[in-house]
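Participant:
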């Protein structure tokens, strides 16, 4: 099995490397809105001293870590898979004896991340020079503790996106559906602002949804702002949503394959 | 002029027919658009739940700014993005020949032949936003400030359009440069907030290099009356000059174009 993954890696890495200029552009595009939010909230914090306990430095560290965390937990499944399902190109992958999403798509996505990181790192260092954050709150224990949560965050976001993309077996409007999903992420993940600054109602819903595991939870964990009880809540949340996503993906994929008519074949 | 207006009418008709062929998609797109408007308003209310003013601007001002931003953004979605896609392909595969063969200005055809028409709906939303923003702020708007606002918004859009013309014209020299508008696309979102909020280096970028702020923040400043007459005239001058430069640049570029297959 490891050998299979290794080969997928070699192919996908070579394929990604061709498009490195496009990747840089994509990276640039993705960077802008967190930096804008950073600017907006630090400006407010500076004028008032703090916003519900968040100082300017808290906002700077939050958004700079957000860039790293989002790099790790986000996924591009829909862009890899949706067109393949709609135009029938997935056929050649289905007949292979390994699961196409858990090998080809997954490795492609990880290779994409790896290459992105190479471009991202110098930019991130430069941003740190520009904004001069104080990371005193981060300890080694926090970083070690955050690692499994980051992996879980990626696994969950990857599987949920795979479920949504599988809707392409039934309808071609999968990109619009994905846009609605993306709105949920914006609302409940902590992408716009730390969740504690969102309206009460959104916070209480966000508490039970998987989206905070992708952004807010790992960041707060890194910054040591979570009480032990909250970390336990996060463990429960991660276990539940991971199980849910695995089961949902298995069912949808199985049904989808039955539905699949292999356009063009 | 009359001929151009007629052509625009024909282009609109063709693109409307295309949109109607995909009615459900158009409907879903409008729903998605409304959803994002809801989010934009919610995010502003979250910001102003935590502060009275953002860089001295109040809630009503930000709503007006959102309206102006939506008009600029609408222009991007109706015209700039679809036209870019079509143009880049046509330079690469040589079908730009057919644009040059037509007895109309090539820049005109490139700009108006492909339009995502349903987005015009945004104009209504944007006007509602601007008017409600004004009524939230209260106070009287001087008519000369309002005229300056309209003129500057128009000239700001012309500046961004001119930048776009220069960016895509570069494709005549560098055929593979099909990321030509990414930087514009990426920085669009910076127009949602008053430019004074941003760190100095970002202010420089969105004012002088990719001047999105000139089409969003600046007109709203004029509405407040916080620009002098000289400043208003200067911005209008920059708008007119950039249009002239862009058209000239386009002409030189077209001469450089050599076709792909011949």
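Chains as they are written, first to last, in the working numbering: chain X, -3 to 261; chain H, 564 to 825.
By construction, the Cβ of each residue, glycine as well, lies at the ideal position given by its N, Cα and C atoms.
Flag this pair as touching only if the stretch 600 to 607 of chain H and the stretch 702 to 711 of chain H have three or more C-beta atom pairs under 8 Å; answer yes or no.
Facilitator: Judged by Cβ distances under 8 Å, the stretch 600 to 607 of chain H makes no contact with the stretch 702 to 711 of chain H, as fewer than three pairs qualify.
Participant: Can the beta-carbon of residue 764 of chain H be found less than 8 Å from the beta-carbon of residue 126 of chain X?
Facilitator: Yes, Cβ-Cβ distance for residue 764 of chain H and residue 126 of chain X is below 8 Å.
Participant: Closest by CA to residue 608 of chain H, which one among X:253, X:87, X:189?
Facilitator: Nearest of X:253, X:87, X:189 to residue 608 of chain H, Cα basis: X:189.
Participant: In whole angstroms, what is the alpha-carbon distance linking residue 571 of chain H and residue 648 of chain H?
Facilitator: Distance between the alpha carbons of residue 571 of chain H and residue 648 of chain H is about 19 Å.
Participant: Is DSSP giving residue 736 of chain H helix, strand or coil here?
Facilitator: Coil, per DSSP.
Participant: Kindly say whether residue 78 of chain X, judged by its beta-carbon, lies nearer than 8 Å to any beta-carbon of chain H.
Facilitator: No, because no Cβ of chain H sits closer than 8 Å to the Cβ of residue 78 of chain X.
Participant: Is it true that the CB of residue 762 of chain H sits closer than 8 Å to the CB of residue 780 of chain H?
Facilitator: It is not a contact, given that the beta carbons lie outside the stated cut-off.
Participant: Note down, in chain order, each residue of its chain lying with its Cβ closer than 6 Å to the Cβ of residue 237 of chain X, except the 5 sequence neighbours on either side.
Facilitator: Contacts found: 152, 206.
Participant: Is there a C-beta anywhere in chain X that falls below 8 Å from the one on residue 825 of chain H?
Facilitator: Since pLDDT at residue 825 of chain H reaches only 49, below the 50 mark, its modelled position is unreliable, and the value read off the structure follows with that caveat. It does not: the Cβ of residue 825 of chain H has no partner Cβ on chain X nearer than 8 Å.
Participant: Jot down the residue ranges of each uninterrupted alpha helix (DSSP H) in the stretch 574 to 637 of chain H, minimum 4 residues, whole runs only, in chain order.
Facilitator: If we require 4 residues or more, the alpha helix (DSSP H) runs fully inside the stretch 574 to 637 of chain H come out as 586 to 613.
Participant: Any Cβ of chain H within less than 8 Å of the Cβ of residue 124 of chain X?
Facilitator: No, residue 124 of chain X does not count as interfacial toward chain H.
Participant: Do the stretch 623 to 639 of chain H and the stretch 713 to 733 of chain H meet, that is, are 3 or more Cβ pairs less than 8 Å apart?
Facilitator: Touching, per the Cβ criterion.
Participant: So residue 272 of chain X packs on residue 613 of chain H, CB below 8 Å; how close in whole Å?
Facilitator: The question about residue 272 of chain X has no answer, for chain X in this structure spans -3 to 261.
Participant: For residue 182 of chain X, does the three-state DSSP call read helix, strand or coil?
Facilitator: Helix, per DSSP.
Participant: Taking the alpha helix (DSSP H) that residue 657 of chain H falls in, what are its first and last residues?
Facilitator: Unbroken run through residue 657 of chain H: none, as it is neither H nor E.
Participant: Hey, how far is the Cα of residue 836 of chain H from the Cα of residue 716 of chain H?
Facilitator: With chain H covering only 564 through 825, there is no way to say anything about residue 836 of chain H.
Participant: Leaving out five residues on either side along the sequence, give the residues of the same chain with a beta carbon under 8 Å from the beta carbon of residue 154 of chain X.
Facilitator: 71, 73, 102, 105.
Participant: Would you tell me roughly how many angstroms separate the C-alpha atoms of residue 664 of chain H and residue 697 of chain H, rounded to the nearest one?
Facilitator: Using only the alpha carbons, I get a separation of about 48 Å.
Participant: Helix or strand or just coil, what does DSSP make of residue 821 of chain H?
Facilitator: Here residue 821 of chain H sits in coil by DSSP.
Participant: Identify whether residue 50 of chain X lies in helix, strand or coil by the three-state DSSP scheme.
Facilitator: In this structure, residue 50 of chain X counts as strand in the three-state DSSP scheme.
Participant: Can you check whether the C-beta of residue 172 of chain X is within less than 8 Å of a C-beta belonging to chain H?
Facilitator: Output row for residue 172 of chain X: interface = yes.
Participant: Just how far apart, CA to CA, sit residue 651 of chain H and residue 752 of chain H?
Facilitator: Their Cα atoms are separated by approximately 23 Å.
Participant: Over what stretch of residues does the alpha helix (DSSP H) that includes residue 138 of chain X continue unbroken?
Facilitator: Start and end: 136 to 162.
Participant: By Cβ distance below 6 Å, which residues in the same chain neighbour residue 256 of chain X in space, the five residues on each side in sequence not counted?
Facilitator: So the qualifying residues of the chain are 165.
Participant: If you drop the 5 nearest sequence neighbours on each side, which residues of the same chain put their C-beta closer than 6 Å to that of residue 676 of chain H?
Facilitator: Excluding positions up to five away in sequence, the list reads 574.
Participant: So, is the C-beta of residue 668 of chain H closer than 8 Å to a C-beta in chain X?
Facilitator: Output row for residue 668 of chain H: interface = no.
Participant: Among the candidates H:760, H:592, H:729, whose CA atom is the shortest distance from the CA of residue 680 of chain H?
Facilitator: That would be H:592, whose Cα lies nearest to the Cα of residue 680 of chain H.
Participant: Would you tell me roughly how many angstroms separate the C-alpha atoms of residue 177 of chain X and residue 732 of chain H, rounded to the nearest one?
Facilitator: In a straight line, the C-alpha of residue 177 of chain X is about 37 Å away from that of residue 732 of chain H.
Participant: Could you tell me whether the Cβ atoms of residue 12 of chain X and residue 108 of chain X are closer together than 8 Å?
Facilitator: In contact: residue 12 of chain X and residue 108 of chain X (Cβ atoms closer than 8 Å).
Participant: Using a Cβ-Cβ cut-off of 8 Å, state whether residue 613 of chain H counts as contacting chain X.
Facilitator: Judged by the 8 Å Cβ criterion, residue 613 of chain H is in contact with chain X.
Participant: Measure the C-alpha to C-alpha separation of residue 596 of chain H and residue 35 of chain X and round it to an integer number of angstroms.
Facilitator: Computed Cα separation, rounded: 25 Å.
Participant: Within 8 Å of any Cβ in chain H, is that where the Cβ of residue 90 of chain X sits?
Facilitator: Chain H, which has no Cβ nearer than 8 Å to the Cβ of residue 90 of chain X, makes this no.
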